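Residue numbers (full-length UniProt numbering): 1 to 431. Even glycine gets a Cβ: it sits at the ideal position worked out from N, Cα and C. Being a predicted model, the structure only gives us computed values, none of them experimental. Everything on this sheet refers to the single structure shown next.
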Ligand code: PLP
């Protein structure tokens with residue numbers, strides 16, 4: 001049965017008004033404000049398996065999954081139990097703990113990194129990886145790609161994806177010209193542009209999303225990531241693979257499990273924290289050994305390796321076996337198929353892009369292999385599709401420039417809710 005929720009969400013609206021008086025824009029991360037789709041952002045009070053419950057008592061199939069972390073869905077009993085047990089032992093010690101060692105061992109066992117440092121957010125991970133690359137090479141410039149988002153690090157905000165793309169901000173005020181001038185922004189999937197930029201520049205690092213998911217999903221073309229590694233190394237730069245989004249989501253070892261690439265540093269976040277704040281960067285021992293206190297490049301954090309976050313991350317990763325990834329892949333394919341079939345039936349121009357089990361649908365007929373092409377889509381059509389899905393109890397990312405995320409908790413009931421909703425949503429997008 002289709003739930004037809006009204007556009008009005010009085011309890012969420014009241015919370016949004018309260019919040020807007022005291023929190024800039026009413027939210028603590030811009031894309032949550034629904035600015036690019038309009039309407040009232042839903043304030044969530046509870047999650048259970050595939051479902052999110054808002055302040056008005058409505059239930060939604062969650063295809064955001066906290067922007068990626070929740071591969072097992074909401075409030076998985078094993079994750080909650082691990083957090084409760086850790087909390088009962090104390091919330092933070094400011095001293096090393098066994099849980100940090102176990103989480104670091106799990107990351108090293110699953111990936112190509114030889115050493116790893118735990119931090120609190122993906123932003124910290126990329127910021128620190130860049131500092132380390134500069135410290136290691138003695139160089140300053142960084143190459144990044146338009147539409148790739150690596151968190152709100154000053155040096156990486158230029159032509160960034162995610163909320164920056166959603167709000168159409170070219171470059172953020174507050175980032176100094178000096179900082180911006182040290183970042184070279186190039187088109188994604190364009191190796192020739194990288195080769196040209198490396199000539200004559202002294203570049204410390206090339207950073208890329210392992211598969212771009214912050215301009216919508218845009219997978220690297222065959223050979224792009226390997227070409228970046230080769231070019232970086234030929235020119236004495238480090239290659240940083242940002243796996244904050246893909247890490248432990250698209251396979252048990254992340255994107256590197258689908259496409260092994262010779263990077264020097266990797267960044268992780270999201271899934272490895274199981275819904276609590278935990279992230280990491282790691283890589284070759286020789287590079288990581290430059291980090292304080294082993295080496296001179298400073299990096300630290302009061303709450304880094306927090307015992308609750310480590311417990312949630314470990315519990316989440318322990319559950320993530322081959323069957324988990326098979327289920328995520330299958331569920332993503334089913335949902336993408338339902339949506340694209342409905343859009344095709346209504347004659348709505350669209351393009352499905354996938355990268356492992358991450359996907360998004362661009363409302364354009366043309367191919368999307370870079371940010372310029374991503375921006376060609378009809379955002380108005382996405383908006384109509386989004387609101388129709390929302391009013392039928394399916395929560396999509398509130399932006400045309402974001403990935404859709406699935407969890408293993410999506411069951412037949414949740415799938416049939418999506419199946420029943422896509423037809424009306426496609427009709428709305430066709431208008
Ligand atoms: N890198 C990538 C690829 C991301 O997708 C994100 C967040 O979406 C980040 C870095 C920043 O992570 P955080 O939001 O935890 O700071």
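At least one heavy atom of the ligand PLP is found less than 7 angstroms from the C-beta of residue 149. Using a Cβ distance threshold of 8 angstroms, residue 50 and residue 414 count as a contacting pair. Around the C-beta of residue 373, 16 or more other C-beta atoms lie within 10 Å, and the residue is accordingly described as buried. In the structure shown, residue 12 falls within a helical segment according to DSSP collapsed to helix, strand and coil. Nearest in C-alpha terms to residue 247, of all of 305, 355 and 173, is 355. Between the ligand PLP and residue 336, a heavy atom-to-CB distance of less than 7 angstroms is absent. In this structure, residue 62 has its beta carbon at no less than 7 angstroms from each heavy atom of the ligand PLP. Residue 250 is positioned such that its CB atom lies no closer than 8 angstroms to that of residue 270. Beta-bridge partners of residue 126 (DSSP): none assigned.
Secondary-structure assignment with DSSP links residue 54 through a beta bridge to 44. A Cβ-Cβ distance of about 7 angstroms is found for the pair residue 238 and residue 287, placing them in contact under the 8 angstroms criterion. Note: residue 353 is bridge-paired with 360 in the DSSP secondary-structure output.
Exposed is the label assigned to residue 294, since fewer than 16 other Cβ atoms lie within 10 Å of its Cβ. In the three-state reduction of the DSSP assignment, residue 375 falls in the coil class, being assigned neither a helical nor a strand state. The residue from 173, 118 and 398 with its alpha-carbon nearest to that of residue 301 is 118. Counting C-beta pairs closer than 8 angstroms gives fewer than three between the stretch 370-388 and the stretch 52-67, which falls short of the contact rule. Judged by DSSP in its simplified three-state form, residue 186 adopts strand. Within the same chain, 40 come within 7 angstroms of residue 13 by CB-CB distance, once the 5 residues on both sides are set aside.
Excluding its 5 nearest sequence neighbours in each direction, residue 430 has C-beta neighbours in its own chain below 7 angstroms: 346, 347 and 348, listed in chain order.
Of the candidates 112, 95 and 79, 79 places its Cα closest to the Cα of residue 273. Rounded to whole angstroms, the separation of the alpha carbons of residue 121 and residue 43 is 22 angstroms. In this model, residue 358 and residue 142 are separated by some 27 angstroms (Cα to Cα). Remark: C-beta atoms of residue 314 and residue 48 do not approach each other more closely than 8 angstroms. Note that the C-beta distance between residue 392 and residue 421 is below 8 angstroms. The beta carbon of residue 308 sits closer than 7 angstroms to the beta carbons of 83, 86, 87, 91 and 276 from its chain, once the five residues preceding and following it are set aside; these are given in chain order. Our two residues, residue 261 and residue 225, have alpha carbons roughly 7 angstroms apart in a direct line. The C-alpha of residue 296 lies about 22 angstroms from the C-alpha of residue 263. In this structure, the straight-line span from the alpha carbon of residue 321 to that of residue 205 is close to 33 angstroms. By the neighbour-count criterion, in which a residue is buried when 16 or more other Cβ atoms sit within 10 angstroms of its Cβ, residue 4 is exposed. When the alpha-carbon of residue 423 is set against those of 352, 344 and 350, the nearest one is in 344. Rounded to whole angstroms, residue 199 and residue 193 show a C-alpha spacing of 10 angstroms. For a cut-off of 8 angstroms, the C-beta gap from residue 218 to residue 210 is around 12 angstroms, too long to register as a contact.
Nearest in C-alpha terms to residue 342, of all of 379, 371 and 418, is 418.
In this structure, residue 214 sits away from residue 257, with a CB-CB distance that is not shorter than 8 angstroms.
Ranking 35, 57 and 332 by CA distance to the CA of residue 9 puts 57 first. The straight-line gap separating the alpha-carbon atoms of residue 406 and residue 326 is approximately 12 angstroms.
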